[in-house]
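*Asks:*
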Amino acid sequence: MAYDKFEILKSTVVPLPIENVDTDQIIPARFLKATERKGFGDNLFRDWRYNPDNTPKEDFVLNNPVYSGKILAGGKNFGSGSSREHAAWAVYDYGFRCVVSSFFADIFRNNCLNVGVLPVQVSADFLDKIFKAVYDDPKTELEVNLPNQTITILSTGENEVFEINGYKKQNMLNGFDDIDYLQNIKEDIADFAKKLPV
Amino acid sequence: MSTTLFDKVWDAHVVRNIADGPDVLFIDRHFIHEVTSPVAFLGLKNRGIKVLYPERTFATADHNTPTINQHLPVEDPLSANQLKALEHNTNEYGISHWGLGHEKNGIVHVVGPENGITQPGMTIVCGDSHTSTHGAFGAIAFGIGTSEVEMVLSTQCIMQPKPRKMRININGTLGKGVTPKDVALYIISRLTTSGATGYFVEYAGDVFENMSMEGRMTVCNLSIEMGARGGMIAPDETTFNYIKNRPYAPEGEKWEEALAYWKTLKTDSDAVFDKEYTFDGTEIEPMITYGTNPGMGMGITKNIPQADEIEGGKSTYIKSLNYMGYTEGEPMLGKKVDYVFVGSCTNGRIEDFRAFASVVKGRKKADNVNVWLVPGSHIVESQIKEEGLLDIITEAGFSLRQPGCSACLAMNDDKIPAGKYAVSTSNRNFEGRQGPGARTMLASPLVAAAAAVTGVLTDPRTLI
Numbered sequence: 001m002a003y004d005k006f007e008i009l010k011s012t013v014v015p016l017p018i019e020n021v022d023t024d025q026i027i028p029a030r031f032l033k034a035t036e037r038k039g040f041g042d043n044l045f046r047d048w049r050y051n052p053d054n055t056p057k058e059d060f061v062l063n064n065p066v067y068s069g070k071i072l073a074g075g076k077n078f079g080s081g082s083s084r085e086h087a088a089w090a091v092y093d094y095g096f097r098c099v100v101s102s103f104f105a106d107i108f109r110n111n112c113l114n115v116g117v118l119p120v121q122v123s124a125d126f127l128d129k130i131f132k133a134v135y136d137d138p139k140t141e142l143e144v145n146l147p148n149q150t151i152t153i154l155s156t157g158e159n160e161v162f163e164i165n166g167y168k169k170q171n172m173l174n175g176f177d178d179i180d181y182l183q184n185i186k187e188d189i190a191d192f193a194k195k196l197p198v
Numbered sequence: 001m002s003t004t005l006f007d008k009v010w011d012a013h014v015v016r017n018i019a020d021g022p023d024v025l026f027i028d029r030h031f032i033h034e035v036t037s038p039v040a041f042l043g044l045k046n047r048g049i050k051v052l053y054p055e056r057t058f059a060t061a062d063h064n065t066p067t068i069n070q071h072l073p074v075e076d077p078l079s080a081n082q083l084k085a086l087e088h089n090t091n092e093y094g095i096s097h098w099g100l101g102h103e104k105n106g107i108v109h110v111v112g113p114e115n116g117i118t119q120p121g122m123t124i125v126c127g128d129s130h131t132s133t134h135g136a137f138g139a140i141a142f143g144i145g146t147s148e149v150e151m152v153l154s155t156q157c158i159m160q161p162k163p164r165k166m167r168i169n170i171n172g173t174l175g176k177g178v179t180p181k182d183v184a185l186y187i188i189s190r191l192t193t194s195g196a197t198g199y200f201v202e203y204a205g206d207v208f209e210n211m212s213m214e215g216r217m218t219v220c221n222l223s224i225e226m227g228a229r230g231g232m233i234a235p236d237e238t239t240f241n242y243i244k245n246r247p248y249a250p251e252g253e254k255w256e257e258a259l260a261y262w263k264t265l266k267t268d269s270d271a272v273f274d275k276e277y278t279f280d281g282t283e284i285e286p287m288i289t290y291g292t293n294p295g296m297g298m299g300i301t302k303n304i305p306q307a308d309e310i311e312g313g314k315s316t317y318i319k320s321l322n323y324m325g326y327t328e329g330e331p332m333l334g335k336k337v338d339y340v341f342v343g344s345c346t347n348g349r350i351e352d353f354r355a356f357a358s359v360v361k362g363r364k365k366a367d368n369v370n371v372w373l374v375p376g377s378h379i380v381e382s383q384i385k386e387e388g389l390l391d392i393i394t395e396a397g398f399s400l401r402q403p404g405c406s407a408c409l410a411m412n413d414d415k416i417p418a419g420k421y422a423v424s425t426s427n428r429n430f431e432g433r434q435g436p437g438a439r440t441m442l443a444s445p446l447v448a449a450a451a452a453v454t455g456v457l458t459d460p461r462t463l464i
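Given below as structure tokens:
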């Protein structure tokens, strides 16, 4: 199993209503020097989270004790930029299992799905409702239901259906990854390789 | 049925189609480097599986490498460790490795094409988003995550839903001082950094047909900066002439066979795209970015837009200008410049150094700027010397560093200090991209050269 199974997640939310949050902010390049996948959560949003002298920046949401939870809500075009999977690792390692946004960058979305973080894309209106609910009451919980593909603001009952490709959904529900699948069709792959045009 | 160039290449590589799932796509060429591969190799080891086709994978060291004194041991222990891991892993699995000091070493997206490894009709991936560069040859090339690197090493396939298709047409003649970098920054400024998310882009029209291979690589390289999975340009005589006789190019009968196939790789005249944009090449000026994403760019003679003119979040826009120390409505011309960086997988090719040299020839470096000129590979470095460009550059007071990713992403020692302004030919102006607190303005090698000799942001058209 590549990561913990994901079925239904009920959690409070950490709000980060900034557009175009790029992967260089999620994990700056200087923290990509590890040769093992561990400890990335410590450097999640490093330069927004800490001053150069390593003291926490009080106005950054991860340093605000009022907000916590396993769901990160970000602005439009979340995860743009680099292909570094370290960004998804950092999100997972910090303790988030789900990122909600009105729009995700492609590679980041893929990386999340491959490492067990569920990217939930909602309408801009619904995202606004989430931010409003969380700012009104930081104890607001969301329920992310993967089998039903719904996301609900529990205090108001407002909900939306989100899309996920059926294959990826099964993977997330079972904690499988693509390599498990591909390992089983190696003979087909070898046959195919012999027939390539060049 | 009429199909696009993208369909032709994609469909030829689908091993299996999964209902309501991704396609299993066969990968012809896999490039790896020291940063995104170690955890993938660790994964192979943990699962007890081998590399399926080691001969289809090519390794080079680039992100972490120093750009001076490359003959000495790498000082940063973490960088040294990653470089060592790449050497060890490639040895163990029988993968070719152009490490530090190797005559072919350089940036992954520079060395692939210049050695003829990148060819039309191929599927190419690498754990680096700027893999889109290779699309310049009519290949489907895109960046992947480390889990996918492990996937390709172990099965030579990845699982991808087929992206939608976009065509961007630009016709007309580019004006004086307008380079492929400006074309790309112009497109991104029009489409925004998410405007092509979910799409694979084909660039068409005479601006691209008349472009050199280096220029096409620059444009395709930046496709990712508008969110696209990749960009591609149909192969033509320019492409074939570039590839012929390079070390990994097919030879003799194989060449003829390949050429016949490559000539079929074009979009049918009545093929339909999911989205299409058309721009006028004569409208494009030398470009400059003023904010903290590559979409925040404009013609160099314009003023920074007002927040109200910008679609989307005003607070995000203001945050971005605050980071840069700029305000709405002010001009960029004449702004102070502390650093100039020419290099990276976007603009570290020979044509870029020719452009830089053409402006600095007969002029002198401005005293207030630090200038880092970093070739994309040892081969580019040799070309700079052979063509006499090094003499011009040296005469003007500049020096040449050794190849690598350098100040593009500051994983090595080349970092722009906090608060300093850099005109950079690289691909990203994100907060802290070139070092914590660094302020980046993306531009072409001509704009970089103009800043390097005047010390301020200058329209290169006034110097050529």
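Chains as they are written, first to last, in UniProt numbering: chain A, 1 to 198; chain B, 1 to 464. Every residue gets a Cβ at the ideal spot worked out from N, C-alpha and C, and that includes glycine.
Specify the secondary structure class of Met1 of chain A as computed by DSSP and reduced to three states.
*Replies:* Numbered from its first residue, the first sequence carries residue 1 of chain A at position 1. Because the pLDDT at Met1 of chain A is just 42, under 50, the model does not fix this residue reliably, and the value given afterwards should be weighed accordingly. Three-state result, Met1 of chain A: coil.
*Asks:* Tell me, please, whether the CB atom of Asn115 of chain B is closer than 9 Å to any CB atom in chain A?
*Replies:* Here the question's residue 115 of chain B lines up with position 115 in the second sequence. False, the Cβ-Cβ gap to chain A never drops below 9 Å.
*Asks:* Hey, would you say Thr425 of chain B sits closer than 9 Å to Ser444 of chain B, going by beta carbons?
*Replies:* Looking up residue 425 of chain B in the second sequence gives position 425. Looking up residue 444 of chain B in the second sequence gives position 444. Against a cut-off of 9 Å, the Cβ pair of Ser444 of chain B and Thr425 of chain B comes out as a contact.
*Asks:* Taking only three categories from DSSP, how would you classify Phe6 of chain B?
*Replies:* For this step, residue 6 of chain B is matched to residue 6 along the second sequence. The answer is helix: DSSP assigns Phe6 of chain B an H, G or I state.
*Asks:* Give me the Cα-Cα distance between Asp4 of chain A and Gly175 of chain B, rounded to the nearest whole angstrom.
*Replies:* Locating residue 4 of chain A in the first sequence gives position 4, where the first residue counts as 1. Locating residue 175 of chain B in the second sequence gives position 175, where the first residue counts as 1. Approximately 56 Å, taken between the alpha carbons.
*Asks:* Output yes or no for whether 9 Å exceeds the beta carbon distance between Gly334 of chain B and Leu185 of chain B.
*Replies:* As a first step, residue 334 of chain B must be located in the second sequence, where it is residue number 334. As a first step, residue 185 of chain B must be located in the second sequence, where it is residue number 185. Taking 9 Å as the Cβ cut-off, Gly334 of chain B and Leu185 of chain B do not qualify as a contacting pair.
*Asks:* Phe6 of chain B to Lys266 of chain B, Cα distance in whole Å?
*Replies:* The residue you call residue 6 of chain B lines up with position 6 of the second sequence. The residue you call residue 266 of chain B lines up with position 266 of the second sequence. Each residue's alpha carbon lies about 8 Å from the other.
*Asks:* With distances taken from CA atoms, which of B:Asp413, B:Ala438, B:Gly376, B:Arg401 is nearest Asn115 of chain B?
*Replies:* As a position in the second sequence, residue 115 of chain B is number 115, starting the count at 1. Minimum Cα distance to Asn115 of chain B is reached at B:Gly376.
*Asks:* Out of A:Thr150, A:Leu154, A:Ser83, A:Gly175, which has the shortest C-alpha to C-alpha gap to Ile164 of chain A?
*Replies:* Your numbering for residue 164 of chain A matches position 164 in the first sequence. Answer by Cα proximity: A:Thr150.
*Asks:* To which residues of the same chain is Arg461 of chain B closer than 6 Å at the C-beta, ignoring the five residues directly before and after it?
*Replies:* Stepping through the second sequence from its first residue, residue 461 of chain B is reached at position 461. Around Arg461 of chain B: Lys176, Gly177.
*Asks:* In angstroms with no decimal places, state the Cα-to-Cα distance between Ala357 of chain B and Pro436 of chain B.
*Replies:* By one-based count along the second sequence, residue 357 of chain B stands at place 357. By one-based count along the second sequence, residue 436 of chain B stands at place 436. Spanning the two alpha carbons is a distance of roughly 30 Å.
*Asks:* Beta-carbon of Asn174 of chain A versus every beta-carbon of chain B: anything under 9 Å?
*Replies:* Residue 174 of chain A sits at position 174 when you count from the first residue of the first sequence. Chain B contact via Cβ: absent.
*Asks:* Check whether the region 359-367 of chain B touches the region 315-334 of chain B, taking contact to mean three or more Cβ pairs, one atom from each stretch, closer than 8 Å.
*Replies:* No, because fewer than three Cβ pairs between the region 359-367 of chain B and the region 315-334 of chain B fall closer than 8 Å, the two stretches do not touch.
*Asks:* Please work out which residues of its chain come closer than 6 Å, Cβ to Cβ, to Ala276 of chain B, disregarding the five sequence neighbours upstream and downstream, and give them in chain order.
*Replies:* One-based indexing of the second sequence puts residue 276 of chain B at position 276. Reading off the sequence, residue 276 of chain B comes out as Glu, not Ala. Contacts found: Arg167.
*Asks:* Looking at chain A, which residues of the region 129-147 of chain B have a Cβ within less than 7 Å of any of its Cβ atoms?
*Replies:* Result list: Ser129, Gly143, Ile144, Gly145, Thr146, Ser147.
*Asks:* Distance check for Thr155 of chain B and Tyr421 of chain B, CA to CA, integer angstroms please.
*Replies:* Counted from its first residue, the second sequence places residue 421 of chain B at position 421. Counted from its first residue, the second sequence places residue 155 of chain B at position 155. Each residue's Cα considered, the two are about 45 Å apart.
*Asks:* May I have the straight-line CA-CA distance separating Ser198 of chain B from Ile284 of chain B, to the nearest angstrom?
*Replies:* Locating residue 198 of chain B in the second sequence gives position 198, where the first residue counts as 1. Locating residue 284 of chain B in the second sequence gives position 284, where the first residue counts as 1. At residue 198 of chain B the sequence reads Gly, which differs from the Ser that was named. Their backbone Cα atoms lie some 26 Å apart in a straight line.
*Asks:* Compute the beta-carbon to beta-carbon distance between Ala88 of chain A and Val117 of chain A, rounded to the nearest angstrom, for a pair I have assumed lies under 8 Å.
*Replies:* Locating residue 88 of chain A in the first sequence gives position 88, where the first residue counts as 1. Locating residue 117 of chain A in the first sequence gives position 117, where the first residue counts as 1. Indeed, because the Cβ distance is near 6 Å, the residues count as touching under 8 Å.
*Asks:* Apart from the five residues on each side of it in sequence, which residues of its chain come closer than 7 Å, Cβ to Cβ, to Glu463 of chain B?
*Replies:* In the second sequence, residue 463 of chain B corresponds to position 463, counting from 1. For the sequence presented, residue 463 of chain B should be read as Leu rather than Glu. Only Val359, Ala450 meet the Cβ criterion.
*Asks:* Check the C-beta distance from Glu34 of chain B over to Gln70 of chain B and give it rounded, since I have them as a contact under 8 Å.
*Replies:* Counting from one through the second sequence, the residue named residue 34 of chain B turns up at place 34. Counting from one through the second sequence, the residue named residue 70 of chain B turns up at place 70. Actually they are not in contact, since the Cβ atoms of Glu34 of chain B and Gln70 of chain B sit about 14 Å apart, beyond 8 Å.
*Asks:* Contact between the region 92-109 of chain B and the region 57-75 of chain B is defined here as three or more beta-carbon pairs at a separation below 8 Å; is this criterion met?
*Replies:* Taking 8 Å as the limit for Cβ pairs, the verdict is that the region 57-75 of chain B does touch the region 92-109 of chain B.
*Asks:* Would you mind telling me which residues of chain A sit closer than 9 Å to Arg433 of chain B, beta carbon to beta carbon, in chain order?
*Replies:* The residue labelled residue 433 of chain B in the question sits at position 433 within the second sequence. Near Arg433 of chain B (Cβ distances below 9 Å), the residues of chain A are Asp22, Asp24, Pro28, Ala29, Gly81.
*Asks:* In three-state terms, what does DSSP make of His30 of chain B?
*Replies:* Here residue 30 of chain B refers to the residue found at position 30 of the second sequence. Of the three classes helix, strand and coil, the one that applies to His30 of chain B here is strand, per DSSP.
*Asks:* Mind pulling the alpha helix (DSSP H) runs of 4 or more residues that sit fully within the region 244-326 of chain B?
*Replies:* Taking only runs of at least 4 residues, the alpha helix (DSSP H) segments lying wholly in the region 244-326 of chain B are 252-262, 314-324.
*Asks:* Under 8 Å, with one C-beta from each stretch per pair, do the region 131-143 of chain B and the region 230-241 of chain B reach the 3-pair mark?
*Replies:* As far as the Cβ criterion goes, the region 131-143 of chain B touches the region 230-241 of chain B, which means the pair count is three or higher.
*Asks:* Just confirm the distance between the C-beta atoms of Gly343 of chain B and Leu373 of chain B, as a whole number of angstroms; I'd bet it's less than 8 Å.
*Replies:* Mapped onto the second sequence, residue 343 of chain B falls at position 343. Mapped onto the second sequence, residue 373 of chain B falls at position 373. Sure, about 7 Å apart at Cβ, within 8 Å.
*Asks:* Determine, using beta carbons only, whether Glu58 of chain A comes closer than 9 Å to chain B.
*Replies:* Start at 1 with the first residue of the first sequence, and residue 58 of chain A comes out as number 58. Chain B contact via Cβ: absent.
*Asks:* Around the Cβ of Met172 of chain A, are there at least 16 other Cβ atoms within 10 angstroms (buried) or fewer (exposed)?
*Replies:* Position 172 of the first sequence, counted from the first residue, corresponds to residue 172 of chain A. The residue is buried, with at least 16 neighbouring Cβ atoms inside 10 Å.
*Asks:* Let me know the secondary structure DSSP gives Asp24 of chain A once reduced to three states.
*Replies:* Here residue 24 of chain A corresponds to residue number 24 of the first sequence, with the count starting at 1. In this structure, Asp24 of chain A counts as helix in the three-state DSSP scheme.
*Asks:* Measuring CB to CB, does Glu209 of chain B end up less than 9 Å from Asp182 of chain B?
*Replies:* Residue numbering aside, residue 209 of chain B sits at position 209 when the second sequence is read from its first letter. Residue numbering aside, residue 182 of chain B sits at position 182 when the second sequence is read from its first letter. Not closer than 9 Å, so no.
*Asks:* Going by DSSP in three states, residue 204 of chain A sits in which element: helix, strand or coil?
*Replies:* This structure does not reach residue 204 of chain A, given that chain A is present from 1 up to 198, and the question cannot be answered.
*Asks:* By the DSSP assignment, the beta strand (DSSP E) with Thr146 of chain B in it spans what residues?
*Replies:* Translated into positions along the second sequence, residue 146 of chain B becomes position 146. Segment 146-155 is the alpha helix (DSSP H) holding Thr146 of chain B; no beta strand (DSSP E) there.
*Asks:* Could you check which residue in A:Asn174, A:Glu141, A:Tyr167, A:Leu72 has the C-alpha nearest to that of Asn159 of chain A?
*Replies:* The sequence position of residue 159 of chain A within the first sequence is 159, counting from 1. Selected option, being the one with the closest Cα: A:Glu141.
*Asks:* For the alpha helix (DSSP H) containing Leu72 of chain B, list its first residue and its last residue.
*Replies:* Against the second sequence, residue 72 of chain B aligns to sequence position 72. Counting along the chain, Leu72 of chain B falls outside any alpha helix (DSSP H), and DSSP gives it neither H nor E.
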